[in-house]
Every structure is written in C-alpha cells, then in structure tokens.
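Residue numbers (this note's numbering): 1 to 280. All C-beta atoms, glycine included, are put in the ideal place defined by N, C-alpha and C.
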Ligand SMILES: C[S@@+](CC[C@H](N)C(=O)[O-])C[C@H]1O[C@@H](n2cnc3c(N)ncnc32)[C@H](O)[C@@H]1O
Ligand SMILES: [Zn+2]
C-alpha cells in the first residue's frame with residue numbers, strides 16, 4: 001500500500017496547473033502559494049473568502065479530533081472504507097479527495113486500510129485552516145489544502161473518488177474534477193442522528209429534510225447504506241465534545257446547552273446514511 005500526495009492541483013485564481021517550485025506551488029501566470037511549515041497549502045484566495053476565518057473554529061476542530069480519535073464513529077469510517085475499496089475494482093491505483101475533510105480522521109483511517117499493492121493519491125481539503133492544520137500535523141502522507149468545495153483547486157477529470165462526509169457538497173464542482181465513472185461517497189446525518197441529544201437541547205425537533213433522497217444532476221445512485229447504532233458516552237467531557245463538534249452548540253438555547261453540559265453520561269443514536277453516486 002502506498003499513499004502519495006495528490007498532485008493535479010489547479011490555481012484557484014485562473015485554473016491553470018500548479019507546479020512545485022521549491023517551497024511553493026506556482027501557476028504559469030505567476031501566482032504563488034507557499035507551502036506552510038506544517039506541510040499544507042493555502043489555496044483559498046482572500047477575494048473568494050466570505051469571512052475572515054471561514055469554516056469550523058479551532059475549538060470545534062479540537063473537539064471533533066478528540067471525539068473521532070476516541071473511536072465513537074468507527075463504524076461510519078469502516079463503511080466508508082468498504083465503499084472506497086470498491087473504487088479500486090480492477091485497478092490498483094486511485095485518487096481521492098476528501099472535500100471538507102475536517103481534521104482528517106476518515107482519510108487517515110482510509111489510508112491505513114488499503115491493501116498491499118494498492119496506490120492512493122490523496123487530497124484533503126477544508127475551508128477551515130484550523131482543520132487543515134490539525135490534519136497536516138497528524139498525517140504527512142496526504143496533500144492537505146485550505147480551499148473551498150465551491151471552487152476546488154483541482155484540474156478537471158482527475159479524481160476517481162470524492163468523499164463528502166457530513167459536509168457541504170457542491171455537485172457541479174465534484175462533477176468537474178471527477179473522471180467519468182468516478183464516484184462520490186457521501187455521508188449525511190439520517191433522521192434519527194443524535195436524536196437524544198437534540199431532544200435535550202431543543203424545545204422541539206425540526207422535521208426531517210425533504211431533499212434527502214435527491215440525486216444530483218450528472219450522477220446516478222449506485223447504492224445507499226444505513227449505519228445505525230447506539231453509542232454511550234460515559235463522561236461529561238465526551239458529551240461536551242460531541243456538542244461542540246456539531247452545529248447544535250450554536251443553535252441551542254442557553255437553557256438547552258446547560259442541560260446538555262450537566263450530563264454525566266449520554267446514550268445517543270448514531271444514524272448515518274452513506275450514498276454512492278457515479279459520474280455519468
Ligand atoms: C461537520 S464538519 C465534517 C468534517 C469531516 N468531514 C468529518 O466528518 O469529521 C464540516 C466541515 O466542512 C468544512 N466546510 C464548510 N464549508 C466548506 C466549504 N465551502 N468547502 C470546504 N469545506 C467546508 C468545515 O470547516 C468543517 O470542517
Ligand atoms: Zn494562477
């Protein structure tokens with residue numbers, strides 16, 4: 001098994017190929033992007049940023065890192081890895097992008113499960129520099145990039161697989177960067193995901209999303225799979241991390257947050273949907 005950094009990157013300003021020149025990536029027009037000391041590259045131009053510090057905060061990233069590294073979502077990662085094995089099929093080399101990779105848990109576990117003789121070129125991208133920094137510190141084999149799903153710094157038709165896990169899919173971009181026949185592996189929260197936590201922090205639960213089963217243009221659905229289990233968190237810190245890594249912390253009322261923060265333990269339903277789409 002070999003993991004290598006994905007190389008077919010594009011300038012986020014003009015789309016032309018980026019070449020490695022000493023400690024930078026440079027396009028033919030002369031746009032230059034420094035590789036940070038920790039090994040990641042910032043490819044989110046200031047003019048395309050919607051806020052000064054977009055994406056997940058440092059605290060959210062740290063909470064997610066502790067929670068995921070404790071193994072609480074391992075069955076979801078296993079399902080992703082099983083689906084990713086199908087991307088190789090008859091070939092022994094494939095390229096992967098994790099679009100909205102967070103602190104890189106799923107990519108690290110994917111990289112560790114590849115078979116002998118399989119080669120993966122891997123790119124992890126997130127709009128949060130805190131997430132990418134945490135990811136780069138934990139794994140040196142992967143190309144880590146600060147960038148946006150809305151304007152992927154990737155050349156067209158280069159990828160075999162895009163992972164979008166609890167993320168923000170931008171399908172026309174995924175379609176542009178995938179090879180024909182390439183796959184999206186998408187994981188979303190199902191209707192019962194963390195229901196018990198939501199019941200504690202909200203006075204009333206919102207109805208399920210109506211667009212859940214829509215199939216994006218330019219893709220066909222290869223299959224859906226549900227990952228459902230009951231998860232018991234046995235201490236207050238783990239409950240606090242779960243709350244901090246989801247958008248619920250910000251949406252909850254002060255009373256709801258206090259109720260959750262007082263919990264010594266919590267049993268929640270994990271309900272995730274993994275869908276596989278193929279670029280037609
Ligand atoms: C719920 S987290 C999931 C992170 C990771 N996939 C995981 O499951 O651990 C969503 C992630 O999407 C990132 N994000 C938000 N908007 C984005 C965008 N436009 N492009 C890329 N990433 C984005 C956030 O910074 C955050 O890390
Ligand atoms: Zn350029």
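> CA-CA distance, residue 257 and residue 176?
Replying inline: Mapped onto the chain shown, residue 257 falls at position 257. Mapped onto the chain shown, residue 176 falls at position 176. Here the alpha carbons of residue 176 and residue 257 stand approximately 41 Å from one another.
> Quick one, what's near ligand 2 if you take every residue whose CB is closer than 5 Å to any heavy atom, in chain order?
Replying inline: Ordered along the chain, the selected set is 11, 13, 14, 27, 29 and 31.
> If you pair each beta-carbon of the segment 221-238 with each one of the segment 20-36, do three or more pairs fall below 8 Å?
Replying inline: The segment 221-238 is not in contact with the segment 20-36.
> Cβ-heavy atom distance between residue 166 and ligand 1 below 7 Å?
Replying inline: As a first step, residue 166 is located in the chain shown; it is residue number 166 there, counting from the start. Judged by the Cβ position, residue 166 qualifies as a neighbour of ligand 1 at the 7 Å threshold, a heavy atom of the ligand being closer than this.
> In chain order, which beta strand (DSSP E) runs of at least 3 residues are fully inside the segment 8-41?
Replying inline: DSSP assignment within the segment 8-41 yields the following whole beta strand (DSSP E) runs of 3 residues or more, N-terminal first: 19-21, 24-26 and 32-34.
>> On a Cα-Cα basis, can you pick out the residue from 118, 108 and 82 that is closest to residue 91?
In response: The residue given as residue 91 occupies position 91 in the chain shown. Checking every option, the nearest Cα to that of residue 91 belongs to 118.
>> For the segment 240-255 against the segment 204-215, do three or more pairs of beta-carbon atoms, one drawn from each stretch, fall closer than 8 Å, so that the two count as touching?
In response: No: fewer than three Cβ pairs fall under 8 Å.
> What separation, rounded to the nearest whole angstrom, lies between the Cα atoms of residue 3 and residue 179?
Replying inline: Looking up residue 3 in the chain shown gives position 3. Looking up residue 179 in the chain shown gives position 179. Each residue's alpha carbon lies about 20 Å from the other.
> Should the segment 156-171 be regarded as contacting the segment 133-141, the criterion being three or more beta carbon pairs within less than 8 Å?
Replying inline: Contact between the segment 156-171 and the segment 133-141 is absent, because fewer than three Cβ pairs lie under 8 Å.
>> Please report the straight-line C-alpha distance between residue 181 and residue 279, rounded to a whole angstrom.
In response: In the chain shown, residue 181 corresponds to position 181, counting from 1. In the chain shown, residue 279 corresponds to position 279, counting from 1. Those two C-alpha atoms are separated by around 5 Å.
> Does the Cβ-Cβ distance between residue 168 and residue 149 come in under 8 Å?
Replying inline: Looking up residue 168 in the chain shown gives position 168. Looking up residue 149 in the chain shown gives position 149. At a Cβ-Cβ threshold of 8 Å, residue 168 and residue 149 count as neighbours.
>> Please identify the residue among 121, 31, 254 and 111 whose C-alpha is closest to the C-alpha of residue 8.
In response: If you number the chain shown from 1, residue 8 lands on position 8. Considering only alpha carbons, the answer is 121.
> Which stretch, first to last residue, makes up the beta strand (DSSP E) that contains residue 118?
Replying inline: As a first step, residue 118 is located in the chain shown; it is residue number 118 there, counting from the start. Residue 118: not part of any beta strand (DSSP E); DSSP gives it neither H nor E.
> How many whole angstroms separate the CB atoms of residue 55 and residue 128, which I take to be in contact at a CB cut-off of 8 Å?
Replying inline: Mapped onto the chain shown, residue 55 falls at position 55. Mapped onto the chain shown, residue 128 falls at position 128. Indeed they touch by this definition, with Cβ atoms about 3 Å apart.
> How far does the alpha helix (DSSP H) with residue 244 in it reach, from first residue to last?
Replying inline: Sequence index remark: in the chain shown, residue 244 carries index 244 (1-based). Element bounds for residue 244: 236-245.
> For residue 115, which residues of its own chain have a beta-carbon under 7 Å away from its beta-carbon, when the five flanking residues on both sides are left out?
Replying inline: The count along the chain shown starts at 1 and reaches residue 115 at position 115. Excluding five sequence positions before and after residue 115, the CB atoms of its chain that fall closer than 7 Å to its own CB belong to 1, given in chain order.
> Going by other Cβ atoms of all chains shown within 10 Å of its Cβ, with 16 needed for buried, is residue 12 buried or exposed?
Replying inline: For the purposes of this step, residue 12 is taken as residue 12 along the chain shown, with counting starting at 1. Classification of residue 12: buried, given that the 10 Å Cβ count is 16 or more.
>> List, from N- to C-terminal side, the beta strand (DSSP E) runs of 3 residues or more that fit wholly inside the segment 110-185.
In response: Qualifying beta strand (DSSP E) stretches, in chain order: 119-126, 143-146 and 159-165.
> Helix, strand or coil: how does DSSP classify residue 216 here?
Replying inline: Here residue 216 refers to the residue found at position 216 when the chain shown is read from its first residue. DSSP places residue 216 in coil when its eight states are reduced to three.
> Would you say the beta carbon of residue 351 comes nearer than 7 Å to a heavy atom of ligand 1?
Replying inline: No statement about residue 351 is possible, as the shown extent of the chain runs from 1 to 280 and does not include it.
> Looking at the unbroken alpha helix (DSSP H) that takes in residue 78, where does it start and where does it end?
Replying inline: Start at 1 with the first residue of the chain shown, and residue 78 comes out as number 78. Its alpha helix (DSSP H) spans residues 74-88.
>> Please report the distance separating the alpha-carbon of residue 15 from that of residue 73.
In response: On the chain shown, position 15 is the one that residue 15 refers to. On the chain shown, position 73 is the one that residue 73 refers to. Spanning the alpha carbons of residue 15 and residue 73 requires a straight line of approximately 36 Å.
> Ends of the beta strand (DSSP E) at residue 278?
Replying inline: Within the chain shown, the letter at position 278 stands for residue 278. Run containing residue 278: 266-279, per the beta strand (DSSP E) assignment.
> Considering only residues of the same chain and omitting the five flanking positions on each side of residue 130, which have a CB-CB separation below 6 Å?
Replying inline: Translated into the one-based positions of the chain shown, residue 130 becomes position 130. Closer than 6 Å at the Cβ level, and outside the excluded window around residue 130, lie 58 and 61.
>> For a test of the three-state rule: what should DSSP assign to residue 197, helix, strand or coil?
In response: By one-based count along the chain shown, residue 197 stands at place 197. If DSSP states are grouped into helix, strand and coil, residue 197 belongs with the helices.
>> Quick check on residue 263: does DSSP put it in helix, strand or coil?
In response: Here residue 263 refers to the residue found at position 263 of the chain shown. Residue 263: coil per DSSP, three-state reduction.
> If you compare alpha carbons, which of 23, 197 and 215 is closest to residue 281?
Replying inline: Outside the shown range of the chain (1 to 280) lies residue 281, about which nothing can therefore be said.
> Whole-angstrom Cβ separation of residue 105 and residue 163, contact assumed at under 8 Å?
Replying inline: The sequence position of residue 105 within the chain shown is 105, counting from 1. The sequence position of residue 163 within the chain shown is 163, counting from 1. Actually they do not touch by this definition, with Cβ atoms about 11 Å apart.
> Rounded to a whole number of angstroms, what is the C-alpha to C-alpha distance between residue 110 and residue 30?
Replying inline: Taking the chain shown and counting its residues from 1, the one referred to as residue 110 is at position 110. Taking the chain shown and counting its residues from 1, the one referred to as residue 30 is at position 30. Going by the C-alpha atoms only, they are around 35 Å apart.
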